[in-house]
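With my numbering applied, the sequence shown has no gaps in its numbers, which climb one by one up to 246 at the end. Every residue, glycine too, gets a C-beta built ideally from N, C-alpha and C. Below you'll find the structure, written out as structure tokens, and then a few comments.
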Amino acid sequence: MRLLLESFQEHRWKYLAASGAMVMVAASTALSAWMMGEIIDTLSTPEDRARVMMVGIGVAAIFAFKGAAFYIQAVLMARAGNRIVAQKQMQLYTRLLQQGVAFFNTNESSDLLLRITQSAQAARRAIDTIVTGVIRDSLTLVGLVAVMFYQQPFLSMISLIVGPAALYGLQKILKKVRQVMAQEMAGLGEIIKVVQETSTGARVVKAFGLEPRMADRMDVAVRQV
Numbered sequence: 022m023r024l025l026l027e028s029f030q031e032h033r034w035k036y037l038a039a040s041g042a043m044v045m046v047a048a049s050t051a052l053s054a055w056m057m058g059e060i061i062d063t064l065s066t067p068e069d070r071a072r073v074m075m076v077g078i079g080v081a082a083i084f085a086f087k088g089a090a091f092y093i094q095a096v097l098m099a100r101a102g103n104r105i106v107a108q109k110q111m112q113l114y115t116r117l118l119q120q121g122v123a124f125f126n127t128n129e130s131s132d133l134l135l136r137i138t139q140s141a142q143a144a145r146r147a148i149d150t151i152v153t154g155v156i157r158d159s160l161t162l163v164g165l166v167a168v169m170f171y172q173q174p175f176l177s178m179i180s181l182i183v184g185p186a187a188l189y190g191l192q193k194i195l196k197k198v199r200q201v202m203a204q205e206m207a208g209l210g211e212i213i214k215v216v217q218e219t220s221t222g223a224r225v226v227k228a229f230g231l232e233p234r235m236a237d238r239m240d241v242a243v244r245q246v
């Protein structure tokens, strides 16, 4: 939350403009769902050419509007996100320069490299997820649920009964995905470590015949990824 507030203060105009675009994306998504009912009704009366024309123009306008809004959102979020990554990397590197020799003796260079490169990206992904989840996804959900109850109240009630079970299963899947991502990060760190040890200690590896051992370590690290 602290990271979100700090980044939002500095890039608030980009985030506010992106939020406005997200509102338009959510509204156009709900409208496109509502238009499905109009399309089905129009197919039942093809002789009404004026209505067919209006529905066709409406569908094209909705998706053109949605595409433009999504493009604006993507550009603004990318600009703010890239700036956040650059700032966080500089902050981490500045902290790194302030550490003593003992810190570098107790921390692997591969771990430090992974922290600087991946931590900033993780911060950006967290902010993007929070902003899009709170604004675009929540408004899209509200709009789609409203359209569902307007067009099919009975089926909507059934979906509300089945929905919690599906969300529980999704939560289990996301937990597993987080575990896999943590394992992947550890594997990437080990790959960088093995490559660095091989390149910097090539003479030692050759002198003591450590090629099979290093190959086994790399194989284990690659399998983790």
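Integer Cβ distance of residue i from residue j, believed to fall under 8 Å
i    : j    : result
A141 : L176 : About 45 Å; that fails the 8 Å criterion.
E232 : V226 : 6 Å
A54  : V168 : 5 Å
Y36  : V152 : 6 Å
L97  : A143 : No, L97 and A143 are not in contact; Cβ-Cβ is about 20 Å, not under 8 Å.
Within 8 Å, strictly: CB atoms of residue i and residue j
i    : j    : result
R145 : G210 : no
L165 : A242 : no
Q245 : E218 : no
Q110 : I137 : yes
M239 : V215 : yes
E83  : M57  : It should be noted that the sequence gives Ile, not Glu, for residue 83. Not in contact: I83 and M57 (Cβ atoms no closer than 8 Å).
I105 : I148 : yes
T63  : R72  : yes
For this session: Pair every Cβ in the stretch 158-165 with every Cβ in the stretch 41-54, then say whether three or more of these pairs are closer than 8 Å.
Result: With a cut-off of 8 Å, the stretch 41-54 and the stretch 158-165 count as touching, because enough Cβ pairs lie within range.
Exercise. How do the stretch 35-42 and the stretch 85-93 stand: do at least 3 beta-carbon pairs fall below 8 Å, yes or no?
Worked result: yes
Exercise. How about the stretch 71-81 and the stretch 124-137: do they share at least three Cβ pairs that are nearer than 8 Å?
Worked result: Short answer: they don't touch.
Problem set entry | Complete runs of the alpha helix (DSSP H) confined to the stretch 196-245 [at least 4 residues] | You should have 223-228, 232-245.
For this session: Would you list, in sequence order, the uninterrupted alpha helix (DSSP H) runs of no fewer than 4 residues that lie entirely inside the stretch 23-91?
Result: 23-31, 33-65
Exercise. Are there three or more Cβ pairs, one per stretch, closer than 8 Å when the stretch 198-217 is compared with the stretch 176-188?
Worked result: no
For this session: Counting only runs of 4+ residues fully inside the stretch 131-180, write out the alpha helix (DSSP H) ranges in chain order.
Result: 159-172
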